[in-house]
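See structure below.
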Amino acid sequence: MLVKCKVSKFFKDRRVDFFDTIAVEERVDIFFKSIVHSLWTIPYNLSSLVLGYAKLELLPEGGNPVIIKREENRFWIENCISDNYKRIKERKYDFKIDVLKLLEINGSFIKKISSNWEQTGCFHRVVFWSIRKRAFVIEVEDVGRHNCLDRMVGLALKNEINLQEGILLVSARLTRSFLKKVVKAGVRFVMSRSAITSAALTLAEREKITLVGFARENRLSVFTDIGERVTSASV
Numbered sequence: 063m064l065v066k067c068k069v070s071k072f073f074k075d076r077r078v079d080f081f082d083t084i085a086v087e088e089r090v091d092i093f094f095k096s097i098v099h100s101l102w103t104i105p106y107n108l109s110s111l112v113l114g115y116a117k118l119e120l121l122p123e124g125g126n127p128v129i130i131k132r133e134e135n136r137f138w139i140e141n142c143i144s145d146n147y148k149r150i151k152e153r154k155y156d157f158k159i160d161v162l163k164l165l166e167i168n169g170s171f172i173k174k175i176s177s178n179w180e181q182t183g184c185f186h187r188v189v190f191w192s193i194r195k196r197a198f199v200i201e202v203e204d205v206g207r208h209n210c211l212d213r214m215v216g217l218a219l220k221n222e223i224n225l226q227e228g229i230l231l232v233s234a235r236l237t238r239s240f241l242k243k244v245v246k247a248g249v250r251f252v253m254s255r256s257a258i259t260s261a262a263l264t265l266a267e268r269e270k271i272t273l274v275g276f277a278r279e280n281r282l283s284v285f286t287d288i289g290e291r292v293t294s295a296s297v
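Here this note's numbering is used: position 32 in the sequence shown is 94, and no number is missing along the way.
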């Protein structure tokens, strides 16, 4: 996923030549109903990316994507008639979590810095913490933050994970386009280390999604929590 390239760095008028590490980005083509959809991503675990993208962007509500053919970075998918994922998503589930536990979970997320990010500064990260298992059950990274969501949903499909039953932690800012995919995925609780936008907040309020931003080691900001999922003994 990483390659070396020659770089010239300037410190004022002093030049230093060296080899730096950058992320590999490749094109992936997804064929569905004779139409090709192209993504640019890191060449790793592409099947999860393809399944998640198809689920969120190509198939109708309740659709179940299946890869029927693959040729290197070219995938052909079909919509398989299956009630499996629909049954999982329709299991209504909600929860409450103490803010101190939330900070503890976020602290673990912060410590999970990948070597890919450290070497390149180019990767977004998304993890999913399961309320039932009390642990991180999905961890993905990609150069594209939307790709991260696609990968997460693909892994959830493969492993029959209900994304209502936990917390999505992300390194990226929360925009409306990002949150729209979160809604499609069925996630009800999102926490980011970064900022949020007004349009994302409006969408979260409409969909009753708990939205947390600026999450750090000892603090966080709850922008909306209509479901009152975040609790505190001091309140």
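Even for Gly, the Cβ is constructed at its ideal location relative to N, Cα and C.
Opening and closing residue of the alpha helix (DSSP H) in which residue i lies
i: Cys210; result: 207 to 221
i: Ala116; result: Run containing Ala116: none; DSSP gives neither H nor E here.
i: Phe137; result: No alpha helix (DSSP H) contains Phe137, which is instead part of the beta strand (DSSP E) from 136 to 142.
i: Ile167; result: 161 to 173
i: Glu180; result: 177 to 182
Beta-carbon proximity list for residue i, same chain, < 7 Å, skipping 5 on both sides
i: Val297; result: Residue placement at Val297 is poorly supported in this model, since its pLDDT is 49, which falls under 50; the coordinates are not used for a value here.
i: Val215; result: Gly114, Lys117, Leu118, Ala247
Candidates the options: closest to residue i by CA position
i: Glu279; options: Thr182, Asn107, Leu162; result: Leu162
i: Glu222; options: Val274, Ser110, Arg291; result: Ser110
i: Asp82; options: Val65, Val98, Leu230; result: Val65
i: Gly183; options: Ser239, Phe251, Val86, Val90; result: Val86
i: Phe157; options: Asn141, Val112, Gly206, Gly228; result: Gly228
i: Phe80; options: Ile258, Asn209, Val69; result: Val69
i: Lys95; options: Val245, Lys71, Asn141, Arg207; result: Asn141
i: Arg89; options: Arg77, Cys67, Asn126, Glu134; result: Glu134
i: Ser176; options: Gly289, Leu164, Ile167, Val189; result: Val189
i: Ile27; options: Ile129, Lys270, Val205; result: The first residue shown for the chain is 63 and the last is 297, placing residue 27 beyond what the model contains.
i: Leu230; options: Ile92, Glu123, Cys210; result: Cys210
Cut-off 6 Å between Cβ atoms - residues of its own chain near residue i, not counting five sequence neighbours on either side
i: Asp160; result: Thr293
i: Leu225; result: Ala218, Ala247, Gly248, Val249
i: Leu236; result: Ser254, Ile258, Ala262
i: Ile167; result: Trp191
Per DSSP, cross-strand counterpart(s) of residue i
i: Ser192; result: Ala197, Gly228
i: Leu64; result: Ala85
i: Lys242; result: Looking at the DSSP assignment, Lys242 forms no beta bridge with any residue, so it has no partner.
i: Val202; result: Val188
i: Glu133; result: Arg136
i: Thr286; result: Leu273
Tell me the start and end of each unbroken beta strand (DSSP E) in the segment 252 to 284 that is at least 3 residues and wholly inside, in chain order. 272 to 275
Considering only residues of the segment 68 to 127, which uninterrupted alpha helix (DSSP H) runs meet the minimum length of 4 residues and lie entirely inside it, listed in chain order? 108 to 115
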